[in-house]
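To keep things clear, I will list the structure first and then write my remarks on it.
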Amino acid sequence: MLTGIVFWVLAVIAVATGVAVFRVDSMARATYALAASFIAVGLVLLLVDLEFLGVITVLMMTMEMAVMGIYMIMFMGMNPALMPMDMVHGKRPALAVAIGTFVVLAAGALLIPWPTRRGAPAADLVTSLGEAVMESKMLVMMTVSPVLFATIVAALVLALPKGRYDRLGDDLRGTDMRAGKAPR
Amino acid sequence: MTGLLWACATVPAVVGAGLCVTGRRADRVAPALGIVTAGVVLVLSIAVALGRPVTSAPFLPGAVFGLAVDALAAVVLPAVAAVTLLVLLFAAADIAGARARFTGLTLLFAAAVVVTVCATTLPTLLFAWEVMGATSYALIGFRWQERHRVGAGLTAFLTTRTADLGLYLAAGAALAGGSGLALTDLPELPAPWRDVAAAGLLVAALGKAAQLPFTAWLSAAMQGPSPVSALLHSAAMVAMGGYLLLRVAPLLGATSWAGPTAAWVGALTALLLGAVALAQRDLKQLLAASTAAQLGFVVLGAGVAAVAGGTAHLVAHAATKALLFLAAGAWLTALGTKQLPALRGAARRWPLVGVCAGVGALALAGVAPLSLWATKDAVLAGAHEESLALYLVGLAAAALSAGYAGKVLWLVWQRLPADADAGYDTEEEGTREVRVLQQAPLVVLAVGAAVLGLLALPPVADTLRRALGSGSTPTPGLVELAVSALVAVVVLLVVRIRPLQPLPGWLEGWLGLARATDVVVVRPVLRTAEALARFDDRVLARAVTGAGRGALRTARAAARFDDGVLDRAVADSATAGVRLAGATGRADLAGPDAAVRSLAAGTRWLGGWARRTQTGQLHQYYVSAAVVLAAALALLLAVR
Amino acid sequence: MTLQTMLLVAAALFSVGLYGAISQQVVVMVMMGLELMLNGVILAAAAFWWFLSPTPDGQVLLLVVITAMTVEMAMGFAVATLLHRSRQSDMTDMATDLSR
Amino acid sequence: MEQSPLMLLPELCLLGGAVVTLLAGSFLPRQRQWVARLIAVAALLAAAVSAALAFPSHQDGHFGGGGDMETVFGAFVLDTATGVTRLVVVAAVLLVIGLGVDELAGTARESETYTLLLLGGLGAIVLAATDDLLVLAVGFLLASIPVYALVGMVRTPGAAEAALKTYLLGALSGILLLLGATVLSGIAGGTAYVDLAAGLAVAPAAAVAVGALAVLAGLLFEAGGVPLHQWVPDATQGAGTAAAAFLTTVPKIGALVAAARLVDVLPGPLPWPLLVGLLAAATMTLANLAALAQTDARRLLGWSTVSQVGYLLMPVAVVSSTSAAVPALLVYLAGYAVTNLTAFAVLAAVPGARSLADFRGLARQRPGLAAALVISLLSLVGTPPTAVFLGKLTVFTAAWDGGLAWLVVVAAVNTVVSLFYYLRWLVEAFRPGEPAPTADWARGAALAGALGVLAVGLGAGLVTALVGDGTLG
Amino acid sequence: MLSSIIFLPLVAAALLAVPRVPDRVARWTWIAVTAAEVVLVGVLIARYETPADGGLAFEERARWIPSVNSSWHVGVDGLSVPLLALTAVVFCACAVYGLREDRRPRQHAALFLALQATCMGLFAAQDLIVFFVFFDLSIVGMYAAIAGWGHGRDAGRSALQFFLYTFLGSLALLLGFIGLYLAADPHTFDIPELIAAAPLQDHPVAGGFVLAALLLGLAVKTPTIPFHTWLPPAHTDASAIGSAVLAAVLLKMGTYGFVRIAMPAMPDAWRGAAWVVLGVGIASVLYGALVALAQTDAKRMIAYTSINHMGYVVLAVGAAGLLGGGTAARELAVTGAVTQMVSHGLITGALFLLAGVLHDRTGSYALRDYGGLARSAPVWSGLFAVGAFASLGIPAFSGFIAEFQVFAGSIGTTAWAAIALPGILITAALFLRALQLLVTGLPGGRSIGFTDVRAVEAVPVTGLLLLSLAIGVLPWLLLDLITPASAVLVDLVGR
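Residue numbers (this note's numbering), protein chains in the order written: chain W, 5 to 188; chain E, 2 to 641; chain G, 0 to 99; chain H, 66 to 538; chain D, 2 to 496.
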């Protein structure tokens, strides 16, 4: 009973803040609203015994929203508090598609005769997760590592306007190009 | 002996082809070479007529290239060879330019005739038959510098080829009936196919023989040189039509209808073309019409199974008509005209020519005891046996032939008018001389025209009949012979006393047959051809374009629909409708001329539609992805 | 709290995110929409895990989803930076040179 | 189940090569980055050799191969499809590097480019080889993230825009893929395909439909098929030539094999063949029409790529109904890869040319290059005896055999339409015109590629023997 | 033997294409190779013995794509030997005529040598894939020939239209091939195996669709109406040699496909479709002739007569599918069809080369631009006249032999075939009309100063016409080759 009430409260918060992301009039507020939505979902995860993942979600999202705020201010020179927020186009088709999607998904959620639960959660969820990651699903984590590697390389390549040769000179000896000393 | 038969066909063919290919360089030797060759052919033909060889060579699957000399061929072959030789002799003096081509074509033609006469299978027959047609085209259009002469050749060739289709049909029928392609097997065909074969052969023969309704080409063919007319339109090509019917008379007899049909067509042609001949003012036209009429007797003979009489008439007519054509040719070369009024008294200028022509005319008139009198009566006896009406029509036709023969005879033997020269040189520049070489063949032919009637009189006639296997056919009685001789003489005298009033124009114009062919066949075909060509260019060739345009219209509609889903559906589809109509209208207005452009435009439009989905607007990509995926989901759940 | 209700909420989050992704012009806002969609996916994954098959696989899936979210966002920032530097714009609408 | 990482030696070579290339590049002067290139090429060659050695000795045309399929870590299948994918991807990356040398040599980010190429290739192989939804999701990331970077690498406004679109569509697709994976694993009770095959058969159809469709959508993005194809022409036009060559070739290989593996386990009652067939038809038709009026050679090739994906989806549609489908897919992929890269090599060999008209005079000036262009474009059309003809032949056969004869007709008609724009390019190349400077390495790559196109077409027996002997017979 | 015949020109083409040999060398190499081909084919014919019970002679088979049961399988029988010979002869004639080509002669020679290889390969192919490979390559080669050496203002567009149209046809053909392959058990692309198996014999619907695809593909290539519209522009804008090769050899690929693949492999379906084929044949005969009659352009006219002449072939093969008539009639029809292919190749090849002379001298094909050519160019006129008469089916030339057999056989099978008979007549009319306009009358228009044919033009034309004459006079030389094969074919269709 209590779980139900908590769930509903969190659910309303999650959705409401989610809607708020696109309703508030500044990008900073949108960021906060998104973070709130994520926290609410992370808390719901706690309700279904997924403490570890729930906490991870909350932490990751908080961090990410912080990054987003910093990003907007530092890189793009926006003042989050003053940024006007009416940058939308084609509201009506967007609304139509979103409502349509919701109707389809909700209808599926409610009407599909879901199967019954198979098995029970492991006693120690974190341990079982760790074992899965290290054994049966080891390849997932093995693949995640090149993904992260690729992400770092790719993000840096895209985000940095200057490569190492711009900074260190063509022979990487740190020659200051702007000083006019051409490398030999 | 078979070698001689082969030689009889191949020697003229090879020499002729050689002369044609060599062209002008051989002009000098051509006449002599031609005469020698024709002489050789004549000797050979007499030899094979006596030896009666039968031979064949591989040709098509299921049909050999078969040649044989039977009694019928033995009679006709020497006659044709002889006329060829005489015509070449005459031409050596008559034809001035391009002699090699003339001689070569004539020899080729002669070879084709030899094969036609001796053919034992349908493919062989058709082979020679079509070569005759082609060489006749070339000979009629011999003076190619004048387009109307070539056109006349075209008419002749096309008309006869139309009829030739009957031979293809007959060949198909023979195969379908399973009898094989030999001519002698045709009567054994089962019922429907026998009729088809008979009909095909009948049509082919009527076409070549210039019988109704194919007569008109013969009039046009008079554009050719006179020696050509003498050979093709008396002794050989036209005669081959009659010959074919004589040869397949058993097949005609095997059906219930073919014989009578042939008989009636022959009789009516004899009658009507006799009248036409009577109305002519041009000597060669008169002779041409007469040819068709006289061949009518041959066809009549074949139709009533009077093969012996028909054969005799064929041969006798060959000599007579060749004689007359050559005489006409001699006058044409000398006087430059073939108009009858201008030829008044022409016979008196060159008496030998005149006498020979007179003999020919009298023979043609059927005056006893000249040849055509007896041969015609041999045919008419058969007709009498068949039906009285047929006989009477034939008799009337005989009277008409006496009429036009008399017309010519009296005219050319009238006193030479003082202003004779005024009428000359209407066709060409006359030479005012008739050479010896031109006159010699006339004498030979005149003798032939006089005595060949023996073929239809006892005792030769009986031999001939037995040889041809038609011993039971009726022979003309004395009464009949007398009646016809009397009719001929009476008509001759009538024409002498009361020259003819001008006859109706439709008679002089060959019954309007040429016009009718033009209106009924030629023009519609040409119109159809042009219409089809337009259709091909404007419709079929643009079907691809049209398909592109159609697809593009669909695409445009689809594009509108697509936009409509995204945004103002109703308004845009209305616009789409309007634009669609506009595009359609424009496309139609642009018409065929713009077709090529519209292909390009159609391609562009289609591509434009596809590229319109690539707006560069990311949110539209998202929406379209969502829409497509939703549709896919619906499909998945709906089609289960 | 049932599977249906959790999925309903997840669907709502997903749809709201989709609305944002479609309607927003600013790249970062579009990314927020995408994140919200992922939020919904996380919730749905948790629901399926709890109510249908509480196996370790489901947990790994959640982990992968969170990783993917992080990685995609990192790339998003990088791309947005690139766009900002090269075109002085952060609007998706402004970048429509490549079309048709 | 084996756990030996040595079974993944080709993948490890690629990963290691990527790391070492990047590290080496960090210490190399700008003009000596060819060392990094050499390292990358060495890594690729090593991967190729190890992949060839590890090529499965027994032929199994059909996924699953009757239960004796070899897997590593329970999620990486070592069957013929994987073997062929490895070889083709490695060869493709090698060719990309070959054609890109002139463009990349001495640029500021040459070594990073090689790193990303290797990583992208690795991602494609993982995508193609896996039979687990989780690895599929991660592989998707690994295959797409390097592509974003490669597209944006040249830093022109167009490249930035292309990168943005690629990224945003990719992100959406990734989310869809994750959603699908969530739903499928939830209702099937596992993420491995064996679990799916068992679990989905008894699961509610609507849920299966939503889940599988979402996963498929993600893969369609990677492959460049309708409805998530829009990034392909943009990225092809905006990116550098080598990057464009890569992104139109390598990710598709992985995504299409992955799609085939997925469709293979989807349960029967839903009309998956029909759906995939319709998507294939829509993809090829749309792309061919859109390509008709293109004047930019790159964009034209971009659309051409999309249209080829349409043909490539045909065997995917029938993968569960005929044993001919997988060999057909592999043959087509191999043929398409070499052909497409040859066309891009020609582009790279004439660096100044953007529009089709820029290729005027090519035949006169560089007959060899023109011949390579002719061969590659005719191959894209599907003219024998080239590589794609062999692909089309097998693919058409498979699709017909699988009951989609209508799709074969649609594909045939589309092939005719495609002739329009390929020929337009050829005609330009044979017109007289100004000579343009050409690049040597790329020309070599083009000639090598053209020979490869002919070799695949003429050596058809060898190729088909590789992808599954006897399975079509 | 066969493979070397096929690959010799290909190798020569490659040798000419790659190194920059002098033009003169290229021209004479071309002639030498085509002459060698003629000799090789001659040797082949001399050593040819009709194989027992419908087998193949000079059979060669090598592994190619074993996984789809497709192999490099070549061989000849009475249906293909005549066409191989025709190909060799026509290409040799074109090589001689091509001595005068001064636009990129080296590439020109290489292209036509390659084209010859594809034609040789197609007529020798005993495997559907091999057949298709050559079929498609011939399209590519011909496209290049029209686009590269055509002389029309719209050569590019005509070439594109040709390519698109015939490519569409080839894809339809490919679909049909795939259908046959899938229907056979075990799956195979091997033609003799397919013929032996006759798949789809008991599947009327599937068989109908597969045959429809085959028919469409072959009908486009043949071409029959209504798929012929690519032909006139392609001919009008192609060079003389291109037209000659296109009409003389490439069109035969369509009809050859009927007798090689469609009829024997799908007898049941063929019999079902025979009436349709017959109808299309009749329509092509009449339509082609009528439209040709209305043309004012000599080359277009000859092009349309090709539709008419190929219509005879279609008519005959259609009739061969009707079991109503006797076997002899159907065999005659098939023999006639193959004869017609050879005959049309020789005669139309010659006519197109002659038409090329018109364009070479004055740049015009318009019939009305000429007149009296018999005076200014007597040799040309004579050759054209002979060609025209040969084409309209005058005896002593091959056309008569072919048409007589076609008609006698077809009418012997069904009387409906007689509807096509006027085709002969209209063809005669149109050729005589053309002859009248071009050759007769007094010289005028462009005829004045018209240079007569040169040796390099006259020799190939004369050669082709002499061959036609030889077949016309001694048809058994050719028919002895064809007849056993057509008997086998009729037997197979009658299964």
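Glycine included, C-beta positions come from ideal geometry on N, C-alpha and C.
On the CB-based measure, 16 or more other CB atoms within 10 Å of its CB, does Pro460(E) come out buried or exposed?
Translated into the one-based positions of the second sequence, residue 460(E) becomes position 459. Burial call: exposed.
Using the three-state DSSP reduction, which class does Gly375(H) fall into: helix, strand or coil?
Taking the first residue of the fourth sequence as position 1, residue 375(H) is located at position 310. Correct three-state label for Gly375(H): helix.
CB Thr428(D) to CB Arg362(D), shorter than 7 Å?
Taking the first residue of the fifth sequence as position 1, residue 428(D) is located at position 427. Taking the first residue of the fifth sequence as position 1, residue 362(D) is located at position 361. Not a contact, by the Cβ cut-off of 7 Å.
Where do the N-terminal and C-terminal ends of the beta strand (DSSP E) with Gly142(E) fall, by residue?
Here the question's residue 142(E) lines up with position 141 in the second sequence. Per DSSP, Gly142(E) belongs to no beta strand (DSSP E) and is neither H nor E.
What separation, rounded to the nearest whole angstrom, lies between the Cα atoms of Pro334(H) and Arg641(E)?
The residue given as residue 334(H) occupies position 269 in the fourth sequence. The residue given as residue 641(E) occupies position 640 in the second sequence. About 6 Å.
Ala236(H) versus Ala37(W) - alpha carbon distance:
The count along the fourth sequence starts at 1 and reaches residue 236(H) at position 171. The count along the first sequence starts at 1 and reaches residue 37(W) at position 33. Spanning the two alpha carbons is a distance of roughly 21 Å.
Quick check on DSSP: helix, strand or coil for Ile66(D)?
Sequence index remark: in the fifth sequence, residue 66(D) carries index 65 (1-based). If DSSP states are grouped into helix, strand and coil, Ile66(D) belongs with the strands.
Cutting at 8 Å between CB atoms, please list the residues of its own chain near Ala37(D), excluding the five before and the five after it.
Position 36 of the fifth sequence, counting from 1, holds the residue named residue 37(D). Once the five neighbours on either side are set aside, the close Cβ partners of Ala37(D) are Leu9.
For Thr122(E), three-class secondary structure by DSSP
Residue 122(E) sits at position 121 when you count from the first residue of the second sequence. Residue state, collapsed to three classes: strand.
Classify Ile498(E) as buried or exposed, calling it buried when 16 or more other Cβ atoms lie within 10 Å of its own Cβ.
For the purposes of this step, residue 498(E) is identified with residue 497 of the second sequence, where counting begins at 1. So Ile498(E) ends up on the exposed side.
Beta-bridge pairing of Phe141(H) - partner residues as DSSP gives them:
Numbered from 1 along the fourth sequence, position 76 holds the residue referred to as residue 141(H). Beta-bridge pairing links Phe141(H) to Val137(H) and Thr195(H).
Let me know the secondary structure DSSP gives Ser1(D) once reduced to three states.
Absent from the structure is residue 1(D), since the part of chain D shown begins at 2 and ends at 496.
Please state the DSSP three-state secondary structure of Leu234(H).
As a first step, residue 234(H) is located in the fourth sequence; it is residue number 169 there, counting from the start. Leu234(H): helix per DSSP, three-state reduction.
What residue does the alpha helix (DSSP H) around His310(D) start on, and which one ends it?
As a first step, residue 310(D) is located in the fifth sequence; it is residue number 309 there, counting from the start. That run of the alpha helix (DSSP H) goes Ala299 to Ala320.
With a Cβ-Cβ cutoff of 7 Å, do Phe50(G) and Leu2(G) count as a contact?
Mapped onto the third sequence, residue 50(G) falls at position 51. Mapped onto the third sequence, residue 2(G) falls at position 3. Against a cut-off of 7 Å, the Cβ pair of Leu2(G) and Phe50(G) comes out as a contact.
Pro59(E) in three-state terms, based on DSSP
Stepping through the second sequence from its first residue, residue 59(E) is reached at position 58. Of the three classes helix, strand and coil, the one that applies to Pro59(E) here is strand, per DSSP.
Please classify Glu60(D): does DSSP put it in a helix, a strand, or coil?
Walking along the fifth sequence from the start, residue 60(D) turns up at place 59. Residue state, collapsed to three classes: strand.
Count the other C-beta atoms from every protein chain shown that fall within 10 angstroms of the C-beta of Ile36(E), then say buried if there are 16 or more, exposed otherwise.
Your numbering for residue 36(E) matches position 35 in the second sequence. Per the 10 Å Cβ criterion, buried.
Just the C-alpha distance for Ala15(D) and Leu438(H), rounded to the nearest angstrom, thanks.
Here residue 15(D) refers to the residue found at position 14 when the fifth sequence is read from its first residue. Here residue 438(H) refers to the residue found at position 373 when the fourth sequence is read from its first residue. Ala15(D) and Leu438(H): Cα-Cα distance of roughly 17 Å.
Length of the line joining the Cα atoms of Ala321(D) and Tyr305(D)
For the purposes of this step, residue 321(D) is taken as the residue at position 320 of the fifth sequence. For the purposes of this step, residue 305(D) is taken as the residue at position 304 of the fifth sequence. The alpha-carbon atoms of Ala321(D) and Tyr305(D) are separated by roughly 25 Å.
At the 7 Å Cβ level, is Asp175(W) part of the contact set with chain H, yes or no?
Counting from 1 along the first sequence, the entry for residue 175(W) is found at position 171. Yes, its Cβ sits closer than 7 Å to a Cβ of chain H.
Beta-carbon spacing of Ser487(D), Thr256(D) below 7 Å
Counting from 1 along the fifth sequence, the entry for residue 487(D) is found at position 486. Counting from 1 along the fifth sequence, the entry for residue 256(D) is found at position 255. Not a contact, by the Cβ cut-off of 7 Å.
Identity of the residue in Val330(H), Leu249(H), Asn405(H) and Val371(H) nearest Trp296(H) by Cα:
For the purposes of this step, residue 296(H) is taken as residue 231 along the fourth sequence, with counting starting at 1. Answer by Cα proximity: Val371(H).
In chain G, which residues lie with their C-beta within 7 Å of the C-beta of Ala236(H)?
Mapped onto the fourth sequence, residue 236(H) falls at position 171. The contacting residues are Leu33, Glu71 and Gly75.
C-alpha gap between Met72(H) and Gly139(H), whole angstroms:
Here the question's residue 72(H) lines up with position 7 in the fourth sequence. Here the question's residue 139(H) lines up with position 74 in the fourth sequence. In a straight line, the C-alpha of Met72(H) is about 12 Å away from that of Gly139(H).
Helix, strand or coil: how does DSSP classify His152(D) here?
Position 151 of the fifth sequence, counted from the start, is the residue given in the question as residue 152(D). In the structure shown, His152(D) sits in coil (DSSP, three-state: anything other than H, G, I, E or B).
What does the Cβ neighbour count give for Arg489(H), buried or exposed, with the cut at 16 atoms within 10 Å?
Position 424 of the fourth sequence holds residue 489(H). Looking at its Cβ environment, which holds 16 or more other Cβ atoms inside 10 Å, Arg489(H) is buried.
Can you find a CB in chain D that lies within less than 7 Å of the CB of Gly129(H)?
For the purposes of this step, residue 129(H) is taken as residue 64 along the fourth sequence, with counting starting at 1. With a pLDDT of only 49 at Gly129(H), under the threshold of 50, the placement of this residue in the model should not be trusted, and no figure is reported.
DSSP on Asp228(W), reduced to helix/strand/coil?
No statement about residue 228(W) is possible, as the shown extent of chain W runs from 5 to 188 and does not include it.
Pick from Arg434(D), Leu393(D) and Leu374(D) that is closest to Ile425(D), judged by C-alpha positions:
Taking the first residue of the fifth sequence as 1, we reach residue 425(D) at position 424. For the residues Arg434(D), Leu393(D) and Leu374(D), the minimum Cα distance to Ile425(D) belongs to Leu393(D).
Quick one: grab the DSSP three-state call for Ser81(D).
Residue 81(D) sits at position 80 when you count from the first residue of the fifth sequence. Ser81(D) falls in the coil class under three-state DSSP.
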